[in-house]
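Residues in the sequence shown are numbered from 136 upward in steps of one, following our numbering.
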Amino acid sequence: MTMVNNKEREYWLHSMLKIANPVLLHLKDRTLKKEMPVEMKEGTNREQFSHLEALARLLVGMAPWLEQVCENNEEEKLRVKYAELARAAMDAGTDPQSPDYMNFSDDFQPIVDTAFLAHALLRAPNELWEKLDARVKQNVILALKATRTRKPVFSNWLLFSAIIEAFLYKAGEKDWDPMRIDYAMKQFEQWYLGDGVYSDGPEYHHDYYNSFVIHPMLVDLIETVGAEYRDWEALKESIIKRSQRYAVIQERTISPEGTFPPVGRSLAYRFGVFQSLAQHALRGDLPSELKPAQVRSALTAVMKRTLEAPGTFTESGWLTIGFCGHQPEIGEGYISTGSVYLCSTGFLPLGLLESDPFWSEPPMEWTSKRVWSGKEIPIDHAL
136 MTMVNNKERE YWLHSMLKIA NPVLLHLKDR TLKKEMPVEM KEGTNREQFS
186 HLEALARLLV GMAPWLEQVC ENNEEEKLRV KYAELARAAM DAGTDPQSPD
236 YMNFSDDFQP IVDTAFLAHA LLRAPNELWE KLDARVKQNV ILALKATRTR
286 KPVFSNWLLF SAIIEAFLYK AGEKDWDPMR IDYAMKQFEQ WYLGDGVYSD
336 GPEYHHDYYN SFVIHPMLVD LIETVGAEYR DWEALKESII KRSQRYAVIQ
386 ERTISPEGTF PPVGRSLAYR FGVFQSLAQH ALRGDLPSEL KPAQVRSALT
436 AVMKRTLEAP GTFTESGWLT IGFCGHQPEI GEGYISTGSV YLCSTGFLPL
486 GLLESDPFWS EPPMEWTSKR VWSGKEIPID HAL
């Protein structure tokens, strides 16, 4: 094991925990609502949604690390500590008697973040679900089911309702609804445009929603419930292949300097843009033209460009709204402080063991870095 890779993993881990600390520590003390600043666009009111956003979006990225016993003793102590914090945070957010009880039932936004919470539970079923006590489990189930009274928007939101049902299925709830899952999967078949890209709803939008939501949720959905129905299982191979193709496209958008195009909405999610690429690294099924070390090197460069920009954090350690530093003007009407914690999905590969090739192989130039310095790269083919 070379020291270089330890250093990179250390950087990732340090960054993830720095982002997590204010959210989890305040939830443990049940002071999140009291202490979290809610930055948002003038004239919008996101206060009632922001706290659930912060918790759910943080955990959906942290979950694989929380779930995997670490090979390094120091890191393992941290993992155990943060898994306890995460369970305490879920208790604080779902206990109706808690001052930090979150909004699962008012308006439409809670469908989104309850889904990110459900996705986190699917990614860490042992640490974030099995180890909860019966009372907290019951509160979590009630919170998930509370979103059923509203319909999702006809877009990537269909996957939010579906992933909630997939977790209810996984948790053994008898009344999980296959119809919500079926509708999402069949509709996305209709919305597939080709070459690893889905349309987000009836019209194509050039943005990063294929990675923020569509591919990661479709892949984990089919992995969780695919075997239930033959027509679902028949979709599995193409869902995974399309997602892998999108990961190849994503890696090629990372410039030699670790920047990427500021295209489309929700840019305040920063390097959460690369959830799809990070997920295939975590799954160990990167396409053959992507070596794990080049993906690690590329993602490290992106993290450094975004996290080290002045103004990324407030003085008390909360994330600000911005793409590279503090840029409140890029925050759409649905963005507030809690929303931007979706950047945590870039950290998914921390769920791999330190001895995994992703971490243990020496640093490697990624595609753009190679090609712009005159070196050979694999030719790119459409799916």
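Heads up, the beta-carbon is just placed ideally off N, CA and C, and yes, glycines get one too.
Residue burial is scored here from C-beta neighbours: residue 514 has fewer than 16 other C-beta atoms within 10 angstroms and is therefore classed as exposed. Just measuring C-alpha positions, the residue of 191, 208, 330 sitting nearest residue 252 is 191. Three or more beta-carbon pairs separated by less than 8 Å link the segment 374-389 to the segment 340-359, which places the two stretches in contact.
Around the beta carbon of residue 451, fewer than 16 other beta carbons sit within 10 angstroms, so the residue counts as exposed. For residue 327, the enclosing beta strand (DSSP E) has its first and last residue at 327-329.
Within the segment 380-428, the runs of alpha helix (DSSP H) at least 4 residues long that lie entirely inside it are, in chain order, 410-418. Taking a cut-off of 8 Å for Cβ pairs, the segment 146-154 and the segment 188-205 touch, as three or more such pairs fall below it. Around the beta carbon of residue 409, 16 or more other beta carbons sit within 10 angstroms, so the residue counts as buried.
Nearest to residue 503 by C-alpha distance, out of 403, 394, 456, 464, is 394. Scanning its chain for C-beta atoms nearer than 7 Å, with the 5 sequence neighbours on each side dropped, one finds around residue 453 the residues 157, 171, 172, 472, in chain order. In the displayed model, residue 175 falls within a strand according to three-state DSSP. Straight-line spacing of the CA atoms in residue 281 and residue 240 works out to 5 Å. Of all C-beta pairs linking the segment 401-419 to the segment 478-486, three or more are shorter than 8 Å, placing the two stretches in contact.
Runs of the alpha helix (DSSP H) spanning 4 or more residues and lying entirely within the segment 248-311 occur at 269-280, 292-305, in chain order. For residue 339, the secondary structure class from DSSP, reduced to helix, strand or coil, is coil. Boundaries of the alpha helix (DSSP H) around residue 492: 492-495. Counting the other Cβ atoms within 10 Å of the Cβ of residue 269 gives fewer than 16, which makes it exposed. Sequence-distant Cβ neighbours of residue 271 in its own chain, meaning closer than 6 Å and more than five residues away, are 226. For residue 448, the secondary structure class from DSSP, reduced to helix, strand or coil, is strand. Going by DSSP, residue 357 is part of the alpha helix (DSSP H) stretching over 350-360. With three or more CB-CB distances shorter than 8 Å, the segment 235-249 counts as touching the segment 162-171. The residue among 210, 155, 264, 296 with its C-alpha nearest the C-alpha of residue 307 is 264. The straight-line gap separating the alpha-carbon atoms of residue 396 and residue 273 is approximately 43 Å. By the Cβ-count criterion, residue 292 is buried, with 16 or more other Cβ atoms from all chains shown falling within 10 Å of its own Cβ. The beta carbon of residue 249 lies closer than 8 Å to those of 187, 191, 239, 278, 279, 281, 282, 295, 299 in the same chain, with the five residues before and after it left out. If you ignore the 5 residues before and after residue 323, its C-beta comes within less than 8 Å of the C-beta of 293, 294, 333, 349, 353, all in its own chain and listed in chain order. Ranked by Cα distance from residue 228, the options 428, 276, 309 are led by 276.
Of the other Cβ atoms in all chains shown, 16 or more fall within 10 Å of the Cβ of residue 486; this residue is therefore buried. Bridge partners of residue 471 according to DSSP: 175. A direct Cα-Cα distance of roughly 16 Å separates residue 465 from residue 448. Per DSSP, the unbroken alpha helix (DSSP H) holding residue 218 starts and ends at 208-229. In the displayed model, residue 333 falls within a strand according to three-state DSSP. Between residue 431 and residue 143, the C-beta spacing is below 8 Å.
In this structure, residue 266 sits away from residue 214, with a CB-CB distance that is not shorter than 8 Å.
Comparing alpha carbon positions, the residue from 321, 212, 356 closest to residue 257 is 356. Each residue's CA atom was taken as its position, placing residue 160 and residue 365 some 45 Å apart.
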